[in-house]
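Take a look at the structure set out below.
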Amino acid sequence: MNRDRPSHTCLALMLAASMLLAFANSGCSGYAEVSEKEPTFHPLRSAMSQLGNVEKSINGGIKASSRDPKAAIGDLLVAARDASAHLKAVPGDTAAQDAYNFAVSRVFSIIKEKKLDPWSQPMVVPSAGGEITLTYHPDPRPGWDPKLYDFTPADRFDLSGSYVKNRTKRAGIGAPLVATGRGNNSRMKEDFTIPRIYYGVTAVVRFQGQKAIVDFEDPLNTEEISFAGRTHPLAADFTVPLAVMLATTEPRKFEIMRMLNPGEYAETARIARLQPYDPDKTVVLVIHGLMDSQATWTPMINTLRGDPEIRKHYQFWFYSYPSGYPYPYSAALLRKELDAITQRYPLKHKMVVIGHSMGGCISRLLITDTGDRLWTDLFNKSPEETKLSPESKKLFSDALIFKPRKEVGRVIFVAAPLKGSNLASRRIVRWASNIIRSPLTLLKAGTEGLQATTYKEGDLKLSRIPSSVDTLTPNNRFVKAINRIPLAPGFPYHTIIGDRGKGNSPDSSDGVVPYWSSHMDGAVSEKIVPSGHSAHQNDEAIAEVRRILLLNRKLSSDR
Numbered sequence: 000m001n002r003d004r005p006s007h008t009c010l011a012l013m014l015a016a017s018m019l020l021a022f023a024n025s026g027c028s029g030y031a032e033v034s035e036k037e038p039t040f041h042p043l044r045s046a047m048s049q050l051g052n053v054e055k056s057i058n059g060g061i062k063a064s065s066r067d068p069k070a071a072i073g074d075l076l077v078a079a080r081d082a083s084a085h086l087k088a089v090p091g092d093t094a095a096q097d098a099y100n101f102a103v104s105r106v107f108s109i110i111k112e113k114k115l116d117p118w119s120q121p122m123v124v125p126s127a128g129g130e131i132t133l134t135y136h137p138d139p140r141p142g143w144d145p146k147l148y149d150f151t152p153a154d155r156f157d158l159s160g161s162y163v164k165n166r167t168k169r170a171g172i173g174a175p176l177v178a179t180g181r182g183n184n185s186r187m188k189e190d191f192t193i194p195r196i197y198y199g200v201t202a203v204v205r206f207q208g209q210k211a212i213v214d215f216e217d218p219l220n221t222e223e224i225s226f227a228g229r230t231h232p233l234a235a236d237f238t239v240p241l242a243v244m245l246a247t248t249e250p251r252k253f254e255i256m257r258m259l260n261p262g263e264y265a266e267t268a269r270i271a272r273l274q275p276y277d278p279d280k281t282v283v284l285v286i287h288g289l290m291d292s293q294a295t296w297t298p299m300i301n302t303l304r305g306d307p308e309i310r311k312h313y314q315f316w317f318y319s320y321p322s323g324y325p326y327p328y329s330a331a332l333l334r335k336e337l338d339a340i341t342q343r344y345p346l347k348h349k350m351v352v353i354g355h356s357m358g359g360c361i362s363r364l365l366i367t368d369t370g371d372r373l374w375t376d377l378f379n380k381s382p383e384e385t386k387l388s389p390e391s392k393k394l395f396s397d398a399l400i401f402k403p404r405k406e407v408g409r410v411i412f413v414a415a416p417l418k419g420s421n422l423a424s425r426r427i428v429r430w431a432s433n434i435i436r437s438p439l440t441l442l443k444a445g446t447e448g449l450q451a452t453t454y455k456e457g458d459l460k461l462s463r464i465p466s467s468v469d470t471l472t473p474n475n476r477f478v479k480a481i482n483r484i485p486l487a488p489g490f491p492y493h494t495i496i497g498d499r500g501k502g503n504s505p506d507s508s509d510g511v512v513p514y515w516s517s518h519m520d521g522a523v524s525e526k527i528v529p530s531g532h533s534a535h536q537n538d539e540a541i542a543e544v545r546r547i548l549l550l551n552r553k554l555s556s557d558r
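This is the structure:
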């Protein structure tokens, strides 16, 4: 299924240029929309007395939930206990498994709705068989204290939206939950996390006498658990936490403004982890394109997390940035972020970088050794001979002089305008690039840089600091210069290119970027997919990324 986003007709007049570029491929429907419901318990239709008792206890808990929440929790825990006892005798009974999961999920529904707190101290609830104490196993991992979160069962959510069309689950034991942080994360920057935590966990309740003890399991890190004397798959819903995060934070409403006024959103240029750091898993760093955000990777990440081999061997980070910046500057900011995050979280395995659109151009600079060639090409002088203020010289040095990143092991370019796009040269697009407001630091450096720049015939000449759109034009000085510098040896890379299903490569285009701009002679592989510019959301492209990640894993293991 092709997941290309439809044209954003809502802002056609104000952002005509961005639409022409089609980097604004965001549809008028939401990325993710969530609504809550009360799940229905389906009768077990079992003649076995034990499951009959489970059904009776669940129905009793549902009826009592409004008038006596603690009594309801007692009934539901009895149901979970009886269902787990049945599973010990008949481990393959899916009806008992479903009943157990439903009962545990309803316990968490009541805790949230009635604002109960069994995490600060054990909670005693009544039941027909005597009082039950609900408590949990403390977890030493940072951030795994249940007092920090509100928990909502995943089965309460209905999902819709262009980025969550497929719901990725794993059948098994446990109640999949969305853990939502209580307030913003004060250590967001130090820990390289998102501002507020939205994470999927699975609650498993085990019984010791009259104690019901909860374990919170990480479904991205745990495939199977020991339960009722047997080994069972751990239940999981990998999609709901992503959908709740998108629906709550609404990243789309900031994408346009981060392009038009990047200086106002300077602090959003950062790397962040989407899951707890695991040194044994290879990092996949994804980088979005122009007038986009990290949300654009949701369909790919949602699909890849459904693969047990990917879950076992990979973890996902993203780099997000105000996309109005000229991309060499965004790449300089990325290198600083890499310095900081890899110092905090040292990598045992070289990361895989996936860049879409302009994110591919940024990715390319991670595996390029420029020396001072870009500098001399732009200024026709060595860095020492170029007259710039210390502040401007530092900025240009960061953006024009760099070496390959040792953290990177492989790069995947998706619909990347590596040689520019002719759309960026059109008159209306040139007009649109003028309304992008450069921050003061870039304006000052740009003024000095323009005075020192030497132009050649055919070059794009500017009277201001280049914007992101300017750095995507084929006749931009930087674009022409960077394409004269080969990629550093020892970095395998792959290309994924859309042809809109026309099958006319090499004369094809994804509607924004032509084949000649995305094609790279030295690529290990090239995959043409029947997609427009949002190729990273295309099913065939996602399957190709999976293939490359599994290949990367195999080659890493063989070393």
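Per numbering that gives the first Met the number 0, numbering through the sequence shown is continuous, rising by one, with the last residue being 558.
For glycine and all other residues, C-beta sits at the position ideal for the given N, C-alpha and C.
Values in this document were obtained by computation on a predicted structure and should not be read as measured data.
- Segment contact: the segment 407-414 against the segment 351-365, three or more CB-CB distances shorter than 8 Å; contact assigned.
- Excluding five sequence positions before and after Leu-554, none of the CB atoms of its chain fall closer than 6 Å to its own CB.
- Remark: fewer than three beta-carbon pairs, one from each stretch, lie closer than 8 Å, so the segment 294-310 and the segment 367-387 are not flagged as touching.
- By the C-beta density criterion, Asn-503 is exposed, having fewer than 16 other C-beta atoms within 10 angstroms.
- For the pair Asp-214 and His-136, the CB atoms are nearer than the 7 Å cut-off.
- Taking 7 Å as the cut-off, the Cβ atoms of Ala-235 and Pro-145 do not count as close.
- Rounded to whole angstroms, the gap between the alpha carbons of His-348 and Lys-311 is 14 Å.
- The Cβ-Cβ distance between Gly-497 and Ser-530 falls below 7 Å.
- About 30 Å separates the beta carbon of Tyr-276 from that of Ser-467, a gap too long to meet the 8 Å contact definition.
- Pairing Asn-165 with Pro-389, the inter-Cα distance amounts to about 52 Å.
- Separation of the CB atoms of Glu-308 and Leu-346 is rounded to 20 Å, and the pair is thereby denied contact status at 8 Å.
- Counting along the chain, the unbroken beta strand (DSSP E) around Pro-152 starts and ends at 148-152.
- For Glu-35, the enclosing beta strand (DSSP E) covers residues 32-35.
- Non-local beta-carbon contacts of Trp-296 in its own chain, meaning distances under 6 Å to residues more than five positions away in sequence, involve Val-285 in chain order.
- The residue among Pro-139, Val-200, Ala-271, Val-239 with its C-alpha nearest the C-alpha of Tyr-344 is Ala-271.
- In the DSSP assignment, Thr-248 falls outside any beta strand (DSSP E) and lies within the alpha helix (DSSP H) extending over 239-248.
- Looking from the CA of Glu-189, the closest CA among Glu-54, Asp-338, Lys-392, Glu-543 belongs to Asp-338.
- Ser-185 counts as exposed, since fewer than 16 other beta carbons sit within 10 angstroms of its beta carbon.
- Under the 8 Å Cβ criterion, the segment 225-233 counts as touching the segment 86-103, having at least three qualifying pairs.
- DSSP links Lys-311 through a beta bridge to no other residue.
- In this structure, the straight-line span from the alpha carbon of Asp-506 to that of Ser-516 is close to 11 Å.
- Around the beta carbon of Val-200, a 10 Å sphere encloses 16 or more other beta carbons of the protein chains shown; the residue is thus reported as buried.
- Contact between the segment 61-70 and the segment 87-102 is absent, with fewer than three C-beta pairs closer than 8 Å.
- Inter-residue distance for Ala-71 and Asn-58 is about 9 Å (C-alpha atoms, whole angstroms).
- Judged by DSSP in its simplified three-state form, Gln-209 adopts coil rather than helix or strand.
- For Val-103, the enclosing alpha helix (DSSP H) stretches over residues 93-112.
- Assigned with DSSP and collapsed to three states, Met-256 falls in helix.
- Residue burial is scored here from C-beta neighbours: Arg-169 has at least 16 other C-beta atoms within 10 angstroms and is therefore classed as buried.
- Beta-bridge partners of Asp-157 (DSSP): Ser-34.
- Close CB contacts of Arg-269 within its chain, under the 7 Å cut and outside five residues either way in sequence, are with Ser-319, Glu-336 (chain order).
- In the structure shown, Ile-527 falls within a strand segment according to DSSP collapsed to helix, strand and coil.
- Where His-493 is concerned, there is no enclosing alpha helix (DSSP H), although the beta strand (DSSP E) around it starts and stops at 492-497.
- Under DSSP, Glu-223 forms a beta bridge with Pro-232.
- Within the segment 63-89, complete beta strand (DSSP E) segments of at least 3 residues are not found at all.
- The beta-bridge partner set that DSSP reports for Trp-316 consists of Arg-272, Leu-284.
- Counting along the chain, Arg-372 sits inside the alpha helix (DSSP H) bounded by residues 372-378.
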